[in-house]
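Accompanying notes for the structure given below.
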Amino acid sequence: PKDPKRVGWDGRYEELKRHKELHGTVRIPSKYKPNPSLGNWVHLQRQHYRKKLEGKYSSLTQTRIDKLNELGFVWIFST
Numbered sequence: 567p568k569d570p571k572r573v574g575w576d577g578r579y580e581e582l583k584r585h586k587e588l589h590g591t592v593r594i595p596s597k598y599k600p601n602p603s604l605g606n607w608v609h610l611q612r613q614h615y616r617k618k619l620e621g622k623y624s625s626l627t628q629t630r631i632d633k634l635n636e637l638g639f640v641w642i643f644s645t
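Numbering-wise, our numbering puts 637 at position 71 of the sequence shown, and it's gapless, one number per residue.
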C-alpha cells in the first residue's frame, strides 16, 4: 500500500499547476518556505534534467519534460 503522506510525481505536478494558477508563475526556488516539499521536488526535477542533458540516467521522461515545459517550467533557476 502507498504511504498517504508520500505524493508522487503527478501529485507534485498538480501542486505546481495550482501554484501557477494562484501566483501566475512556476519560478520556484529549491528552498521555498511556503511549500518546502514543492521546492524540493522542483529542485529534483532540475537535477534530473541536468543528468539527462549530460547523458546520464534520469527518471525524468520526455513526457514529463514536455508537461513541465507546457507550464513554463524554469530549468535553470538563479536568484
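Note that CB positions come from ideal geometry on N, CA and C, so glycine has one too.
### Query
Which one of Arg630, Thr629 and Gln613 has the shortest CA to CA distance from lysine 622?
Gln613
### Burial state of leucine 619, where buried means 16 or more other Cβ atoms lie within 10 Å
By the 10 Å Cβ count, leucine 619 comes out exposed.
### Task
With DSSP as the reference, label tryptophan 607 as helix, strand or coil.
helix
### Query
Between the C-alpha atoms of tryptophan 641 and valine 608, what's the straight-line distance to the nearest angstrom?
Straight-line spacing of the CA atoms in tryptophan 641 and valine 608 works out to 9 Å.
### Query
Can you tell me whether DSSP reads threonine 627 as helix, strand or coil?
coil
### Query
How long is the line joining the alpha carbons of leucine 604 and leucine 582, rounded to whole angstroms?
7 Å
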